[in-house]
Amino acid sequence: MSLDIKHLARAATLLFGLAALGVSQQALAVGTAANTSINNRATVNFAVNGVAQAPIESSPTGNSVPGVNNGANTTFVVDNRIDLTVTELSGNATGTTPGQPNGVTAFTVTNTGNAPQGYQLSPTNLTGGSLFSATDVFDMSNLRVFVDANNNGTYEPATDTATNINTLAPDTGVVVFLVADTPITATNGQAANVRLTARTAAPGSNGATLMTQTAGAETPGTVDVVFGDGTAGGNVARDGQGFADDQYIVSSATLTVSKARTVVSDPFNGTSNPKSIPGAVLEYAVTVVNAGGTAATGVVITDPVPANTTFANGTYNAGASNVQVQVGANPATFCVAEVGGTDSNADGCVLAGAGVLTVGAPALATVATGAGNAVTMRFRVTINN
Amino acid sequence: MKKGISVSIASALLLAFAAAGQAASQSTVDATARNDAPRGGCIVLKTVAEMEQVYTAENGAAAKRLVPAAKVVPGGEVVWTVTASNVCDKPADKVAIDNPVPDHMRYVADSAMGPGTDIAFSLDGQKFAAPEALTVRGADGAERAARADEYAFIRWTFKNALQPGSVAFARFRAVVK
Chain A
13 MSLDIKHLAR AATLLFGLAA LGVSQQALAV GTAANTSINN RATVNFAVNG
63 VAQAPIESSP TGNSVPGVNN GANTTFVVDN RIDLTVTELS GNATGTTPGQ
113 PNGVTAFTVT NTGNAPQGYQ LSPTNLTGGS LFSATDVFDM SNLRVFVDAN
163 NNGTYEPATD TATNINTLAP DTGVVVFLVA DTPITATNGQ AANVRLTART
213 AAPGSNGATL MTQTAGAETP GTVDVVFGDG TAGGNVARDG QGFADDQYIV
263 SSATLTVSKA RTVVSDPFNG TSNPKSIPGA VLEYAVTVVN AGGTAATGVV
313 ITDPVPANTT FANGTYNAGA SNVQVQVGAN PATFCVAEVG GTDSNADGCV
363 LAGAGVLTVG APALATVATG AGNAVTMRFR VTINN
Chain B
23 MKKGISVSIA SALLLAFAAA GQAASQSTVD ATARNDAPRG GCIVLKTVAE
73 MEQVYTAENG AAAKRLVPAA KVVPGGEVVW TVTASNVCDK PADKVAIDNP
123 VPDHMRYVAD SAMGPGTDIA FSLDGQKFAA PEALTVRGAD GAERAARADE
173 YAFIRWTFKN ALQPGSVAFA RFRAVVK
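Here is the structure:
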C-alpha cells in the first residue's frame, strides 16, 4: 500500500511539474506529418480449373497483369491539419503599480497540427469581463508582444525582440510575452484584461502570410490546408487561430492624510484644561494611513506653520528635538527642523524661511499598508501674543 | 481498364466506384506502362480510397455517401474498397484477397467486410487467424488478445467461386495516425 501511495505522489509531482513548465498536456502526438503519402495495394490469389494462378496486384483503376509490381499503389497524401493551442502560463494575475512600465504576462503557443507553421501574434486590451475573480476596468498602454527567443520563460528586452513566430515545428511550443505600461491613473485593486491572439501563418513568413483553408474539393497529390483547431477556452472552432487571456492587477499605495490639533498648555491654566488663548502651546498631529496594497515610499509631509503662530522649539526628546515621528504603536523617533531651510544635520526635517515644515527621509520615508503602520508626525506651535 | 468496373453490383456502390475511379486515375496510374505489360490474368483487381461524407438527401434528412478521399488529415477515416472482377470465361476459385493495413494508418475495429468471405487478420503477414485467435506478448510477458489497431494485414477468403463477368468486393476502414 505504501508503495502505491509513493507512486501516486510521484505521478502527481510529475504532472505538476509539467503544468508548471507550461507543457500543454493536450499536445498529444500530432499525427502523421503533412505531405506523407499513404499507399495501399491489395493482392488476389486464385485458381482456375483447380490450377493456382499467379497473384495479381491491385491498381487504382484495376490491374489484371499477374506478378509482383505489376500493380500500382492507390495513394493519397496526408493534408495539412492546422491546429494550435494558446495558454496563459501563470494561472493568476500579474501585479503592477500605477505608472509602472513593462509589466509582463506570459503565454505559450503550441503547434498541435501536423506541419510546421508560423504565427502572427496580436495583443489586445479587453473591455470588461472577469478573470481571476477581478473585472476589467481599465486598459494598459503601450501593449506589445514579444517571442521568448531562448524559450527560458523570462522576458529579456535585448534578446526577445521578435513580434511574430517565424516557424514552429509540430508538437512544439514557445513562450510569448505581452509587455505593457500601467497608466498612472490606475488605482489599487483595478484590473486590466489582455488577450494574446495567434493566427496561423505560412512557416518562414514571420507571421505575414496568413494561412487559409483550401476551398472546394481536394487536389489529389497536393497538400490541402484544413483548419482543425478546437473550442477550448472560448476559442472559435476551425478558424486557424487561438487566443488566451491574462490580467494585470494594480497594487498601489492609497494614502489618507488627516490632521488633528490639541491644546497642550496656556499661560494661565497650564496643562489643566488649557484654552487657545494667546501664548498657549498647540500640538498638531498629521497622520498618514496607507489603505492600498503596496507600501508607499519616498513619502514627504509638508505643512505650513499656521498664521499667527510660532513654531515651538525644544518640545520633544527632553528638549533636544522639535518634531516627533511615530509609526503605529512603535516608540517615537525625533528630528530637528532647522529654521532657515537648510537641513544641516541631514535628518530629513527642516523649516523653510516662510514657515513651512518639511518632514522626509530619513526621519520619514515609507508608509506601509494597514492602519497599524500609520505614520504620525507631530509638532508644536505657540499662539502669538 | 474501365470495362472491369462497370459490372453491376448494387447500384449505390456502382456510383461510388465510378466517381472514385475518376479521381484516382488522375494521380497514380501509368496506363501506357500497363498496356505494354504482359496480359493474361483472369482477375482485374482495383483499390480505391474513399471517405464518408454527410450530405442532405432530397428528403431533407442527413445521409452518408462515399466520396473520393479528400482533405485527409490525422484522425481522418478512409474507406478502402478492393474489387475483383473476373474477366475470363472460366470461374476463378480459391479467391483470396490480401491487403496490408497501410503505413501511417490504423485499422478500425470490426470494419472489414466482404460478402461471401471469411475474414482473417495477421500481425506479421505469416499467420492469419480470426481476431480471437490473435495474441501478442505484452511488456509483462503475458499473452493478451491483439487489439484491432495492431492488425497489420487483412485476408478475405471467398467461400464461392467467382463466376465469369462477376465482381467481388472487400472493404475496410482505417484511420490516419
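Chains as they are written, first to last, in my numbering: chain A, 13 to 397; chain B, 23 to 199. Using N, Cα and C, we set each Cβ at its ideal position, and we do this for glycine too. Quick caveat, the model's predicted, so the values are computed rather than measured.
Which two residues bound the contiguous beta strand (DSSP E) that contains residue i?
i        : result
A/Gly185 : 185 to 193
A/Ser11  : A question about residue 11 of chain A goes unanswered here, because the residues of chain A that appear run from 13 up to 397.
B/Leu67  : 65 to 78
B/Met127 : 127 to 129
B/Ile176 : 175 to 180
A/Met389 : 387 to 395
A/Leu267 : 267 to 277
B/Ser107 : 99 to 108
A/Gly107 : 106 to 108
A/Tyr296 : 293 to 302
A/Phe239 : 237 to 239
A/Ser49  : 49 to 52
To the nearest whole angstrom, what separates the beta carbons of residue i and residue j, a pair I think is in contact under 8 Å?
i        : j        : result
A/Tyr203 : A/Thr147 : The question names Tyr, yet the displayed sequence has Ala at residue 203 of chain A. Yes, A/Ala203 and A/Thr147 are in contact; Cβ-Cβ is about 6 Å, under 8 Å.
A/Gly115 : A/Thr194 : 6 Å
B/Lys86  : B/Gln75  : 7 Å
A/Leu180 : A/Asn123 : 4 Å
A/Gly54  : A/Ser70  : Checking the sequence, you will find Ala at residue 54 of chain A rather than Gly. 4 Å between Cβ atoms; contact.
A/Ala198 : A/Val262 : 5 Å
A/Ile196 : A/Gly107 : Their Cβ separation, rounded to whole angstroms, is 16 Å, which puts A/Ile196 and A/Gly107 out of contact at 8 Å.
Near residue i, which residues of its chain fall below 7 Å by C-beta distance, leaving aside the five closest residues on each side in sequence?
i        : result
A/Ala2   : Because chain A in this structure spans residues 13 to 397, residue 2 of chain A falls outside the shown range and cannot be described.
A/Leu15  : Because the pLDDT at A/Leu15 is just 37, under 50, the model does not fix this residue reliably, and the point stays unresolved.
A/Val235 : Ala46, Asn47, Val89, Asp91, Asn92
A/Gly245 : Ala256
By the criterion of Cβ-Cβ separation under 7 Å, what are the contact partners of residue i in chain A?
i        : result
B/Gly97  : Gly43
B/Pro124 : Ile50, Asn51, Asn52
B/Val70  : Pro72, Thr86
Residues of chain B with CB under 9 Å from residue i, in chain order?
i       : result
A/Ile68 : Gly63, Cys64, Ile65, Val66, Leu67, Ala106
Give me, in chain order, the residues of the same chain whose beta-carbon lies closer than 6 Å to that of residue i; leave out the 5 immediate sequence neighbours on both sides.
i        : result
A/Ala127 : Ala46, Asn92
A/Ala297 : Ala272, Thr388, Arg390
A/Asn52  : Thr86
B/Leu184 : Asn108, Ala114, Val117, Ala190
What three-state label does DSSP hand residue i in the structure shown?
i        : result
A/Gln38  : Only weak support exists for where A/Gln38 lies, its pLDDT of 39 falling under 50; the coordinates are left without a value.
B/Pro14  : Given that chain B is displayed from residue 23 to residue 199, the structure contains no residue 14 of chain B and the question cannot be resolved.
A/Ala380 : coil
A/Asp172 : coil
A/Ala227 : coil
A/Gly115 : strand
B/Met23  : Reliability fails at B/Met23, whose pLDDT of 36 lies under 50, so the model's placement of it is uncertain and the value that follows must be treated cautiously. Three-state result, B/Met23: coil.
A/Ala214 : coil
B/Asp140 : strand
A/Asn329 : coil
A/Asn205 : strand
B/Ala196 : strand
B/Leu184 : strand
A/Gly245 : helix
A/Ala375 : coil
Strictly below 7 Å CB to CB, what residues from chain B border residue i?
i        : result
A/Asp91  : Lys93, Val94, Val95
A/Asp236 : Lys93
Residue i touches chain A at which residues, Cβ-Cβ below 9 Å?
i        : result
B/Val130 : In chain order: nothing, as chain A lies at least about 14 Å away.
B/Asn121 : Asn52, Arg53, Ala54, Thr55, Ser70
Report all residues from its chain with a CB closer than 8 Å to the CB of residue i; omit the five preceding and five following residues, and keep chain order.
i        : result
A/Ala324 : Val293, Asn334, Phe391, Arg392, Val393, Thr394
B/Ala118 : Arg177, Trp178, Thr179, Phe180
A/Thr274 : Leu294, Glu295, Ala297
Return no unless some Cβ of chain D is closer than 8 Å to the Cβ of residue i.
i        : result
A/Ser134 : In the structure shown, chain D does not exist; the protein chains are A and B.
Quick one: which chain A residues come within Cβ less than 8 Å of residue i?
i        : result
B/Val109 : Ser76
In chain B, what lies closer than 8 Å to residue i by C-beta?
i       : result
A/Gly83 : Leu67
State yes or no: is the C-beta of residue i nearer than 7 Å to some heavy atom of the ligand HEM?
i        : result
B/Ala167 : In the structure on display, the ligand HEM does not appear, and there are no ligands present to speak of.
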